[in-house]
Structures are given as structure tokens and as C-alpha cells.
Amino acid sequence: MTCRYFSRRVDILVNTVAILHFAPFEDLDMADYDATINVNIKGYFLMTQGFGCVTIEQKYGNIVHISSIAPHFPERYSGAYTMTKAAVNMLSKQVAA
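One point on numbering: in the numbering used here, the residue at position 32 of the sequence shown is 908, and numbering is uninterrupted.
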């Protein structure tokens, strides 16, 4: 990935975006599932990757991923959302490793 350069120092990235489609897991359509994956996981991944590249260059920066309690308390109508927030938790651990 190519680093994006900013005209000023960038100190912090706060990833907080998410979408949730209320539906039983078996009724969730593929378009809603794909949208949830793209926003809730891929969005975090791409922003973290791009920001991480910049922070390596400037030797400083912080990343905050806002997740959810959903992975600890799954509910019938939020299956895809819950999975993506569990992935965000693991992304945070992986980036910190």
C-alpha cells in the first residue's frame, strides 16, 4: 500500500463507523451482509492500514477502534453486526501485536 501524505501531522485515528441490519441470521440477505462486512470490517482495515503507514513515517500516532459489547452478548437479530464487531476486536489486537 502506498502511504498517503498529509500537509500536517496526523496524531489520531478514531474508527467508529458501523451499520446494523436487524434480521434473523437465516433471513439476512447477501446485499445487507456484504454491506455490513464492507463498512464494519473492511472500512476499519483500510483506514487502519492507511493511517498506520503515515504513523510509521512520522514515528507517532494513535488508533482507537470503537467496537461493541455485541460479541460478548450475541442477539438473534444482529448476527452479521456481532461477527463484524468481534473481527474489529481481533483487528485491534493484531495491530497492537
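Glycine included, every Cβ here is placed at the ideal spot set by N, Cα and C.
Report the rounded CA-to-CA distance for Tyr920 versus Ala972, giving the unit in angstroms. Along the sequence shown, read from residue 1 onward, the residue named residue 920 stands at position 44. Along the sequence shown, read from residue 1 onward, the residue named residue 972 stands at position 96. Computed Cα separation, rounded: 14 Å.
Exposed or buried, what is Ala956 when buried is set at 16 or more other beta-carbons lying within 10 Å of its beta-carbon? In the sequence shown, residue 956 corresponds to position 80, counting from 1. Flag for Ala956 reads buried.
Nearest-angstrom Cβ-Cβ length linking Ile895 and Ala911, presumed shorter than 8 Å: As a position in the sequence shown, residue 895 is number 19, starting the count at 1. As a position in the sequence shown, residue 911 is number 35, starting the count at 1. Ile895 to Ala911, Cβ: 6 Å. Contact.
How is Val930 classed by DSSP in three states: helix, strand or coil? By 1-based counting over the sequence shown, the position of residue 930 is 54. In this structure, DSSP gives Val930 a helical state, which the three-state scheme calls helix.
Coil, strand or helix - Ser954 by DSSP: Translated into the one-based positions of the sequence shown, residue 954 becomes position 78. The three-state reading of DSSP puts Ser954 in strand, counting E and B together.
Outcome for Val940 when other beta-carbon atoms lying within 10 angstroms are tallied against a minimum of 16: As a first step, residue 940 is located in the sequence shown; it is residue number 64 there, counting from the start. Burial call: exposed.
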